[in-house]
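Student: Using full-length UniProt numbering, you'd call the opening residue of the sequence shown number 1 and step up by one each time.
Below is a structure I'd like to ask you about.
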Amino acid sequence: MALEQLSDVVQRCQAIGDDNYRTEDYDMFQIAGRSCIEEGESAHVLSIVVDEENKNIVRCMGWNLLGPLVKVLLKKEDKNLPHCLAILNHLLEVCSPKELLIGLLEQVEEAHQDAIAETVILLLQPLQKVLLRLGGRKASSVGMALSSLLGQMARLPVPQTKEQEEDDVFHLCRCCSALLDFVRPFAEEARRGRRDGFTNGTVTPEDDELRTELLKFCMKSLHEPLLDVQLKDPETLEDSPLRNFATEILGILSGIGETLSDLLCHGLLNKKEVPGFLEEEVCYPKESLASLAYLLFVHHIAIDSFPTVFSPVFVLQCNMEHINLFLSRTEETRIQKGLDLYEKTLVRVVDNSLPVQLLELKSFFSVPQNLVKVMTMCPVQHLRTKGLKVLQLSVDKFDTEAKYKFFQCMLRTSHHAGVEGYIVKNIRNQIDLALKPEKGNKWFLGAHLLPLLRQVLCLPQGPETDLLQNLDRIMESLSLLRYLLLRDKEWENQTGIWTELYKIEDNYMKPLRIGLNMSKAHYEAELSNTKENSKLANTKDSQAQESVCSLTVGNEKMPDMTPEMQLQVLHSALHTFDMIESVLARIEEIIESKDKP
């Protein structure tokens, strides 16, 4: 029935000249042709399509058959596959390229989730053929096609392990490789146009437009899928399709005139608001530039084309924006890339060389703050450990004055006792270094050191400070104070600690002693009450008492615990107070001994 309808509409249209076909003719051709292909009559459809008498009809209406043809080709039915391929190839030669482009992109965008990769790979070659037929005015069409293809590929999961990439379980690797074959002639045309433009002194608008579309494609590829990809080193995976894809993308960028150094420094060199600023942000997304920096300096892709004239300090300055973007995210892959990029950029910098002026840049303030969040809030243990390692590496690279100002800033802004304790430990190391012969510096001795010591040797809420919550900082601060009193003799007083001692006793040690006494009394009372309640719970008259109790410490209700757990917590707290008190007592002994003849 469908074949008869198709024959009827074709015969009727043969008698009509000058493409004056009616709307119902188009509809009937589409419905009948679709039904014939779906019912397995593709051989008859092929005979109609290739008939020279029907060339004009096929040229105007043939693109409507793309949908059913793609369905059959995706099913890969042996019986109808050759005929459907022949029909498709004939349509690509005869039909209007603009209509074919619209039809093919509709098939790409309507692909089912389970058939995205197969659809993309099937239609890449037809799309390329159609675009090449458009001649010199195809740039916008190329951009539209690339955007649709990447949009669909972004729906595919990214392989995370070596085995997933080798087996290509999600088919993303095949799509990336096929996409490179698709874009290669257009990239070569853009290179050729740029080269000819240099020779002739002019670049045609068509060449410039194609270059812009390829730039957008590369930037989008750097964002998806490459921003989510954890590339494997050649030693781990010798033939990596995703690594090859990244290499080709950076090669295309260089080929169309985008130097990698300019891209890396783009955020640094484009701070002022200028006409077209928003358009610049669209063309050069921050996520894409961060991905580029990661590929360059962590995986060394295209690093040979990066100028060696740039100093490691300047490269660090450029990369800080990208590092900050990575570390401000919560996804594990983003944080990992930020830490890797920071580490790889820092190791190129000479120790003790970063000047204090860099701390005036916003990124040199934001990155440590985000690094602290990673170290204290990230649920992944190895990332927290890596964060601490990178923090120390960054400290090592600052010169003495910059270290001093950095420590001041971190003590003021980190709001985390563990981080503050780590900073205090670093301060002690710098003082120790300054006290060595011929190593002295003005920042960690004498008048400059005292303001920093006052910042370290203080209790945030005086005697009412939560000693348990601030334990790390308190213990490191006491350890620093004890070290100074033992290491810096009173008659030398290089650090100024002996001059400042009476203030430290009044403003730090006495409030800490009061706080210790208050805390111990409170916890000892709680311990006594808990023991009493535990005895009551064991009597026969208290059988209805719940075995799970609550404990309130410092006006905060703690999670429900058994009496045994409560006792353990309270004993642990009292042990901690004893530990603080023993160090404080030792410091008091050192001070008392200096007053004795």
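Ideal Cβ positions, reconstructed from N, Cα and C, are used throughout, including at glycine.
Since this is a predicted model, take the numbers as computed values, not measurements.
How would you write the range of the alpha helix (DSSP H) that Phe365 sits in, first residue to last?
Tutor: Taken as a continuous stretch (DSSP letters only), the alpha helix (DSSP H) holding Phe365 covers 362-377.
Student: Find out if the Cβ-Cβ distance for the pair Ala293, Asn319 is shorter than 8 Å.
Tutor: yes
Student: Going by C-alpha distance, which of Gly197, Leu210, His171, Asp506 is nearest Pro185?
Tutor: Leu210
Student: Reducing DSSP to helix, strand and coil, say where Phe170 ends up.
Tutor: coil
Student: For Met219, count the other beta carbons within 10 Å of its own beta carbon; 16 or more makes it buried, fewer makes it exposed. Which is it?
Tutor: Looking at its Cβ environment, which holds 16 or more other Cβ atoms inside 10 Å, Met219 is buried.
Student: Measure from the alpha carbon of Val94 to the alpha carbon of each residue in Val50, Leu85, Leu74, then state which is nearest.
Tutor: Val50
Student: To the nearest angstrom, how far is the alpha carbon of Leu100 from that of Leu127?
Tutor: 8 Å
Student: Based on DSSP bridge pairs, tell me the residues matched to Phe398.
Tutor: Leu354
Student: Just mark Met61 as buried or exposed, buried being the case when its beta carbon has 16 or more other beta carbons within 10 Å.
Tutor: With 16 or more other Cβ atoms from the protein chains shown falling within 10 Å of its own Cβ, Met61 counts as buried.
Student: Could you give the DSSP three-state label for Ser414: helix, strand or coil?
Tutor: It is coil, neither helix nor strand.
Student: For Trp63, count neighbouring C-beta atoms within 10 Å of its own C-beta (all shown protein chains included) and say buried if the count is 16 or more, exposed if not.
Tutor: buried
Student: For Gln545, which of helix, strand or coil comes out of DSSP?
Tutor: Bear in mind that a pLDDT of 45 at Gln545, under 50, signals an unreliable position, so the number given afterwards is only what the model happens to contain. Gln545: coil per DSSP, three-state reduction.
Student: Note down, one range per segment and in chain order, each alpha helix (DSSP H) of at least 4 residues found wholly within the stretch 201-289.
Tutor: 205-223, 241-255, 260-264, 266-269, 277-283
Student: Kindly confirm or deny that the stretch 201-208 and the stretch 140-152 touch, where touching means at least three C-beta pairs closer than 8 Å.
Tutor: With the rule of 3 Cβ pairs closer than 8 Å, the stretch 201-208 does not count as touching the stretch 140-152.
Student: According to DSSP, simplified to helix, strand and coil, what is Trp491?
Tutor: Here Trp491 sits in coil by DSSP.
Student: Measuring straight from C-alpha to C-alpha, what distance separates Gln230 and Ile504?
Tutor: 51 Å
Student: Mark Val347 as exposed unless 16 or more other C-beta atoms lie within 10 angstroms of its C-beta, in which case mark it buried.
Tutor: For Val347, the number of other beta carbons within 10 angstroms of its own is below 16, and it is reported as exposed.
Student: Return the residue from the list Ile580, His223, Asp78 that minimises the CA-CA distance to Thr333.
Tutor: Looking at the Cα atoms, His223 is the closest of the given residues.
Student: What's the gap between the Cα of Leu354 and the Cα of Asp396?
Tutor: If you take the alpha carbons of Leu354 and Asp396, they lie about 9 Å apart.
Student: What does the alpha-carbon distance come out to for the pair Leu85 and Arg137?
Tutor: Their backbone Cα atoms lie some 28 Å apart in a straight line.
Student: Where does Val390 land, buried or exposed, given buried means 16+ other C-beta within 10 angstroms?
Tutor: buried
Student: Rounded to a whole number of angstroms, what is the C-alpha to C-alpha distance between Glu420 and Leu180?
Tutor: Rounded to whole angstroms, the separation of the alpha carbons of Leu180 and Glu420 is 50 Å.
Student: Mind listing, in chain order, the continuous beta strand (DSSP E) runs of no fewer than 3 residues lying wholly within the stretch 301-362?
Tutor: none
Student: Using the Cα positions of Leu215 and Leu260, report the straight-line distance between them to the nearest angstrom.
Tutor: Rounded to the nearest whole angstrom, the CA to CA distance from Leu215 to Leu260 is 12 Å.
Student: Under 8 Å, do Ser328 and Leu227 count as touching if we go by C-beta distance?
Tutor: no
Student: Under the three-state reduction of DSSP, which class applies to Pro597: helix, strand or coil?
Tutor: Residue confidence is low: Pro597 scores 49 on pLDDT, short of 50, so the model does not pin down where it sits. Its coordinate-derived value is still stated next. Here DSSP, grouped into helix, strand and coil, assigns Pro597 to coil.
Student: So, for residue 599: in the same chain, excluding its five sequence neighbours on each side, which residues have a beta-carbon less than 7 Å away from its beta-carbon?
Tutor: Outside the shown range of the chain, which is 1 to 597, sits residue 599, and nothing can be said about it.
Student: According to DSSP, is Val583 helix, strand or coil?
Tutor: helix
Student: Assuming Gln11 is part of the alpha helix (DSSP H), what are its boundary residues?
Tutor: Looking at the DSSP string, the run of the alpha helix (DSSP H) that includes Gln11 is 2-14.
Student: Would you mind reading off the limits of the alpha helix (DSSP H) that contains Asp27?
Tutor: 23-38
Student: May I ask you to report which of helix, strand or coil DSSP gives Arg155?
Tutor: coil
Student: Leaving aside the five residues before and after Ala154 along the sequence, list all residues of the same chain whose C-beta is less than 8 Å from its C-beta, in chain order.
Tutor: Excluding residues up to 5 positions away in sequence, Glu224, Pro225 lie with their Cβ nearer than 8 Å to the Cβ of Ala154 in the same chain.
Student: Should Leu485 and Ile587 be called a contact, given that it needs their Cβ atoms to be closer than 8 Å?
Tutor: yes
Student: Looking at Gly135 and Ala187, is the spacing between their C-beta atoms short of 8 Å?
Tutor: no
Student: Out of Glu360, Lys403, Ile423, point me to the one whose CA is closest to Val372's CA.
Tutor: Ile423
Student: Please confirm whether Asp488 and Leu435 have their CB atoms less than 8 Å apart.
Tutor: yes
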